[in-house]
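Visitor: Before I ask anything, here is the structure I am working with.
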Amino acid sequence: MNINQELLEKYNKKGPRYTSYPPATHFSENYDDKDFINSVINSNNENPQNVSVYIHIPFCPQICHFCGCTTESGFTKPFLERYVDALIKEIEFVSQYVNDDRKLTQIHWGGGTPNAISLKYIERVTDKIKECFDLSDEYEMAIECSPAHLDFKHVELLKNFGFNRISLGIQDFDNKVLDAINRRRPKHSIDKIIKKIRDEGFTGTNIDLVYGLPLQTVDNFNKTIDKAIELNTDRIVTFSYAHVPSILPRQKILENIGFPSAEEKAKMYENAYKKFTEAGYVAIGMDHFCRPNDEFYLALKNNQLHRNFQGYCTTKTTGQVYGFGASSISQLFSAYSQNVKNAAQYIKKINEKNTAIFRGYKLNKKEKIIRDVINSIMCNYYVDFKEISERFDTDSKNIKEILNFDHEKFKDFLDLNLMRIKNDTVSISHDARLFIRNIAMEFDPLLNNKIGTYSKTI
Ligand SMILES: C[S@@+](CC[C@H](N)C(=O)[O-])C[C@H]1O[C@@H](n2cnc3c(N)ncnc32)[C@H](O)[C@@H]1O
Ligand code: SF4
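Encoded structure:
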């Protein structure tokens, strides 16, 4: 992959990551609990037919200064207990509106650090999920774990509870970098943890890396990439560090140390791409790498790769996503609904009225069309307007009008052969991967003054 320097200078500007469309910055506080319950009832008649569950654990024993997730520290045992009680209550309440014939195919635990709470709480919640939903034979249950708090015994227990995928937040293998971002070092060596995960029979292990952090250089990040390859996990994620101190004041302190330049960041990305693909991985979407026999790659080849707030997914595994816990987002075909972010407020609201919605968004048909186009661009590097028009019972001309589609907008990429527009299809070359958010932005008629709240695209 060769990154064009002129494009780098021109396009390194703020923009959405498009984990949802419209992005969460557009959600409205006029959307309330009633809207949420109606959206859940409607979702019973919508595609995908499956059910996905997201559980948010917003607690970390120590907060990393780079972190963009909703999380809190300083929690006590009784408080945690009340949080878990609220989770159970919310699952019982919402699941009664979900039709029994829908299969639960995906459960994702994120945070925060779910593995930093007592494993008995995890067991209580997984038992409740299994009681309230009908688990598919081919389900995936994944958990995001910080190696600073992961014991070998935890790996065994998680397997017993039914988990089959563990995602390890590594960020960087260099302790200098971890110290600079106030991140606790791993408790055991990562090699041993991964061996334990394999020995216990988990079907998958992801590792997360982040490039663009303080004290990272092109050279020392190369070492992190090499180490990641040595571990031979089935998936590797390389997130671009998102710096948004206006929303996350904790990140401001890192400005005292400074960050790698955009050119250095692009080089880190380029090296990761080169080294991972040479080692036999294939690139997925904006930032994932997997093995060629992975369901992600098979989905990509059929233009069937999708994305939700939890990351990439396939049409087969993903379902309507029902989110539980503080700040969690339910991602249904026709609406997004987000819970209050603060854990104490979440507990209070759930105890009062079983729901804790603070904002949401109902999508109209046009927005669903735009969402499908942007998703396809972000995941498959390809979009077929005709195929999307058939799904929405319209024609390609109408889709192009909705998108304000104009070749001129893509001139820079078309002139360099980084993009091809042929009849009703658009394809984007691997060399334009780093600019995929910029390209997606040109399909987004909603993009407006919210720009200040986004991170830079590179
Ligand atoms: C909830 S955390 C992972 C679990 C666990 N808490 C840990 O840190 O290992 C999810 C992932 O989001 C990524 N992440 C967090 N903040 C980020 C930021 N500001 N920019 C890019 N990626 C970020 C990190 O790679 C992190 O591993
Ligand atoms: S990166 Fe993980 S451990 Fe660090 S603060 Fe964020 S969620 Fe917690």
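Quick note, the sequence shown lines up with residues 1076 to 1533 if you use my numbering. All C-beta atoms in this analysis are idealised placements derived from N, C-alpha and C, irrespective of residue type, glycine included.
1. How is the alpha helix (DSSP H) around M1453 delimited, first residue to last?
2. When the Cα atoms are used, what is the spatial distance from A1418 to L1493?
3. For T1180, name the three-state secondary structure that DSSP assigns.
4. When every heavy atom of ligand 2 is checked, does at least one fall within less than 6 Å of the C-beta of G1386?
5. Pick out whichever of G1276, N1295 and F1227 has its Cα sitting closest to the Cα of K1251.
6. According to DSSP, what are the bridge partners of D1283?
7. Which one of K1443, D1202 and C1207 has the shortest CA to CA distance from Q1171?
8. Curious, which full-length beta strand (DSSP E) runs of at least 3 residues does the stretch 1183-1243 contain?
9. For a quick check, are the C-beta atoms of V1230 and E1156 less than 7 Å apart?
10. Do C1220 and L1243 have their C-beta atoms within less than 7 Å of each other?
11. Are the stretch 1199-1216 and the stretch 1404-1422 touching by the rule of at least three beta carbon pairs closer than 8 Å?
12. Tell me whether F1535 sits in a helix, a strand or coil according to DSSP, three-state version.
13. Return yes when the C-beta of D1160 is under 6 Å from any heavy atom of ligand 1, and no when it is not.
14. Comparing C-alpha positions only, which one of S1095, K1109 and S1118 sits nearest to A1431?
15. Around ligand 2, which residues pass a check of Cβ closer than 6 Å to any of its heavy atoms?
16. If you draw a straight line from the C-alpha of L1225 to the C-alpha of I1269, how long is it?
17. Who are the near neighbours of F1168 in its chain, counting only those whose CB is closer than 6 Å to its CB and skipping five residues on each side?
18. Taking the C-alpha atoms as reference points, what is the distance between M1343 and N1297?
19. Mind checking whether the beta-carbon of E1219 lies closer than 6 Å to any heavy atom of ligand 1?
20. Does ligand 1 have even one heavy atom less than 6 Å from the beta-carbon of A1317?
21. Can you tell me where the alpha helix (DSSP H) holding M1343 begins and where it ends?
Guide: The structure says:
1. Within the sequence shown, the letter at position 378 stands for residue 1453. For M1453, the enclosing alpha helix (DSSP H) begins and ends at K1440 to N1455.
2. In the sequence shown, the residue the question calls residue 1418 occupies position 343. In the sequence shown, the residue the question calls residue 1493 occupies position 418. Going by the C-alpha atoms only, they are around 45 Å apart.
3. As a first step, residue 1180 must be located in the sequence shown, where it is residue number 105. In the structure shown, T1180 sits in a strand (DSSP, three-state: E or B).
4. For the purposes of this step, residue 1386 is identified with residue 311 of the sequence shown, where counting begins at 1. No, the beta carbon of G1386 sits no closer than 6 Å to any heavy atom of ligand 2.
5. Residue 1251 sits at position 176 when you count from the first residue of the sequence shown. When only C-alpha atoms are compared, the closest one is N1295.
6. Sequence index remark: in the sequence shown, residue 1283 carries index 208 (1-based). Per DSSP, G1244 and V1312.
7. The count along the sequence shown starts at 1 and reaches residue 1171 at position 96. For Q1171, the nearest C-alpha among the options comes from C1207.
8. 1209-1220
9. As a working note, residue 1230 is residue 155 in the sequence shown. As a working note, residue 1156 is residue 81 in the sequence shown. Taking 7 Å as the Cβ cut-off, V1230 and E1156 do not qualify as a contacting pair.
10. By one-based count along the sequence shown, residue 1220 stands at place 145. By one-based count along the sequence shown, residue 1243 stands at place 168. The answer is yes: Cβ separation under 7 Å.
11. no
12. Nothing about residue 1535 can be read from this structure; the chain reaches only from 1076 to 1533.
13. In the sequence shown, residue 1160 corresponds to position 85, counting from 1. Not under cutoff, so the answer is no.
14. If you number the sequence shown from 1, residue 1431 lands on position 356. For the residues S1095, K1109 and S1118, the minimum Cα distance to A1431 belongs to K1109.
15. The chain-ordered list of residues whose CB is nearer than 6 Å to some heavy atom of ligand 2 reads C1135, I1138, C1139, C1142, C1144, T1146, G1186, G1187, T1188, S1221, G1244 and R1258.
16. Residue mapping note: residue 1225 aligns to position 150 of the sequence shown, counting from 1. Residue mapping note: residue 1269 aligns to position 194 of the sequence shown, counting from 1. Each residue's alpha carbon lies about 11 Å from the other.
17. Within the sequence shown, numbered from 1, the residue matching residue 1168 stands at position 93. If we look at F1168 and ignore the five residues flanking it on each side, its Cβ neighbours are N1429.
18. As a working note, residue 1343 is residue 268 in the sequence shown. As a working note, residue 1297 is residue 222 in the sequence shown. If I take the Cα positions, the gap works out to 7 Å.
19. Taking the sequence shown and counting its residues from 1, the one referred to as residue 1219 is at position 144. Yes - ligand 1 has a heavy atom lying nearer than 6 Å to the Cβ of E1219.
20. Numbered from its first residue, the sequence shown carries residue 1317 at position 242. Yes - ligand 1 has a heavy atom lying nearer than 6 Å to the Cβ of A1317.
21. Taking the first residue of the sequence shown as 1, we reach residue 1343 at position 268. Where M1343 is concerned, the enclosing alpha helix (DSSP H) stretches over A1337 to E1353.
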